[in-house]
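J.: One structure coming up, written as C-alpha cells, with questions to follow.
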Ligand code: ADP
Ligand code: MG
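In our numbering, the protein residues as written are 2 to 349.
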C-alpha cells in the first residue's frame with residue numbers, strides 16, 4: 002500500500018537493468034497505472050524500448066477505459082446515460098465493451114460491467130476509499146441500473162448508449178486483463194520472446210518462458226496471508242488472473258465487505274470462495290472469468306469449467322479445500338506443508 006501511494010503520488014517509476022542467470026539481459030520497470038502497481042520484466046536485447054512501449058500502451062488504454070479520468074471514453078459514456086444519446090467511442094473501447102457484454106451473457110450475468118452504481122454505493126467506486134454499508138432499500142433502488150441488457154453497442158460505428166439515467170459502466174473486472182493482452186502483443190511486435198508482466202498482483206501475462214526456456218513460476222497467494230502462497234504454477238505463454246475478496250475490502254461492525262459484487266443482490270459475493278485463479282490464453286477472458294467464477298461459487302464455477310473447455314482454474318474455498326482443475330495437475334505444486342489447506346484435483 003505504501004509503494005502504491007508513493008508511486009501514485011510522484012508518478013515515479015523504478016527501472017533496473019541487469020543480467021539474468023542465463024546471461025540474457027533483464028530490464029525491469031515498476032509503474033503505477035489502473036489504480037495499481039505494475040511491473041514488467043523483459044529479457045533479451047531491446048528491453049528498454051520494450052518496457053517503455055508497455056508503459057505507454059497501458060497508459061493509453063487507461064485513458065480510454067478508466068471511469069475516473071474525466072476525458073476517457075467510459076467517462077463520456079457514463080455521463081451521457083439518459084435514454085437516447087449515442088456516444089462515439091474509440092474502436093478499441095467498443096471492442097472491450099463488446100467482449101464484456103459477451104462475457105456477461107456467457108456467465109449468465111455473473112459478470113456485469115454495469116455494476117458501477119452499486120460499486121459506488123459501497124464506496125468502492127472511487128479511489129478515495131469512502132467505504133459504507135448501503136441499506137437494503139438503497140440497493141434495491143439501484144439494482145435496476147445493473148443490467149447489461151440496457152447497454153447497447155454499435156460495433157460497426159463504434160458507439161454505445163446507456164438506456165437509463167444513473168447507469169454507469171465499470172471495466173475494473175476486465176481492463177487489466179485486456180491491457181495484459183495488448184502489452185503481450187506490444188512485446189511480441191518488438192521481438193521479445195521472454196517476459197513477465199505483473200499488472201497488479203492479480204493479473205499476470207507471460208510471454209514465452211524464462212530466458213533458459215524453463216517455465217515461469219507464479220505463486221498463487223494464500224487468501225488468508227499476504228506473505229504466504231497456496232502453491233506455485235509453472236507456466237509458459239499464457240495469462241493468469243486471480244480474484245479474491247482480500248484485494249479490496251473494509252470491515253464494519255465486525256463484518257467484512259469486499260469489492261466483488263453479486264449483480265443479482267448488489268452485495269459482496271459470498272458463495273463460499275476465498276479466491277479464484279484462472280489460467281487461459283487470453284488475458285481479458287482470464288480476468289473476466291476469475292471475477293465471474295468468484296460470483297458463481299464453486300459448484301457453478303466447476304460446471305462452467307466442465308462446459309467451457311478453454312480455461313483451467315484453482316478455487317480456494319472457505320472450508321479450507323483448494324480445488325485444482327485437471328489441466329493444471331502438472332503445472333501446480335502445492336506448498337509443502339499444505340498451509341492448512343486440503344488439495345484436490347477436479348476431473349471433467
Ligand atoms: P482486482 O481488480 O482486484 O484484480 P477483479 O478482477 O476480480 O479484481 O475485479 C474486481 C473489480 O471488477 C471491481 O473492483 C469492480 O471494478 C469490478 N466488478 C465487481 N464485481 C463485478 C461483477 N460482478 N462483474 C463485473 N465486474 C465486477
Ligand atoms: Mg477480473
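A virtual CB, placed ideally from N, CA and C, is assigned to each residue, including glycine.
Here the structure is a predicted model, which is why all the values come from computation and not from measurement.
In chain order, which beta strand (DSSP E) runs of at least 3 residues are fully inside the region 143-209?
T.: Taking only runs of at least 3 residues, the beta strand (DSSP E) segments lying wholly in the region 143-209 are 152-155, 160-163, 196-200 and 204-208.
J.: Taking all protein chains shown into account, do 16 or more other C-beta atoms lie within 10 angstroms of the C-beta of residue 57, making it buried, or fewer, making it exposed?
T.: So residue 57 ends up on the exposed side.
J.: For residue 285, which of 184, 74 and 82 has the nearest alpha-carbon?
T.: Residue 285 has its Cα closest to that of 184, out of 184, 74 and 82.
J.: Where do the N-terminal and C-terminal ends of the beta strand (DSSP E) with residue 253 fall, by residue?
T.: From DSSP, the beta strand (DSSP E) with residue 253 extends over 250-253.
J.: Among the residues of its own chain, which have a CB less than 6 Å from the CB of residue 140, if the five just before and after it don't count?
T.: Closer than 6 Å at Cβ, skipping near neighbours: 267.
J.: Tell me the rounded alpha-carbon separation between residue 34 and residue 205.
T.: Going by the C-alpha atoms only, they are around 15 Å apart.
J.: Can you say whether residue 256 is buried or exposed, counting buried as having 16 or more other CB atoms within 10 angstroms of its CB?
T.: It counts as exposed.
J.: So, at 8 Å on beta carbons, what are the nonlocal neighbours of residue 195 in its own chain, with the 5 sequence-adjacent residues on each side left out?
T.: Counting only Cβ-Cβ distances below 8 Å, and skipping sequence neighbours, we find 25, 43, 44, 45, 208, 209, 210, 211 and 212.
J.: Three or more C-beta pairs closer than 8 Å, one from the region 80-90 and one from the region 109-125: is that the case here?
T.: Taking 8 Å as the limit for Cβ pairs, the verdict is that the region 109-125 does not touch the region 80-90.
J.: Which class does residue 134 belong to by DSSP, given the choice of helix, strand or coil?
T.: Looking at residue 134 - three-state DSSP - the assignment turns out to be coil, as it is neither helix nor strand.
J.: Does the Cβ of residue 73 have 16 or more other Cβ atoms within 10 Å, making it buried, or fewer, making it exposed?
T.: By the neighbour-count rule (16 or more Cβ atoms within 10 Å), residue 73 is buried.
J.: Can you give the Cα-Cα distance for residue 359 and residue 345, rounded to whole angstroms?
T.: Nothing can be reported for residue 359: it is not among the residues displayed for the chain, which extend from 2 to 349.
J.: When you compare only the Cα positions, how much space is there between residue 52 and residue 41?
T.: Approximately 7 Å, taken between the alpha carbons.
J.: What distance in whole Å lies between the Cβ atoms of residue 97 and residue 160, which are believed to be in contact at a cut-off of 8 Å?
T.: Wrong, their Cβ atoms sit about 14 Å apart, outside the cutoff.
J.: Could you tell me which residues DSSP pairs with residue 121 in its beta bridges?
T.: Its beta-bridge partners do not exist; DSSP assigns none.
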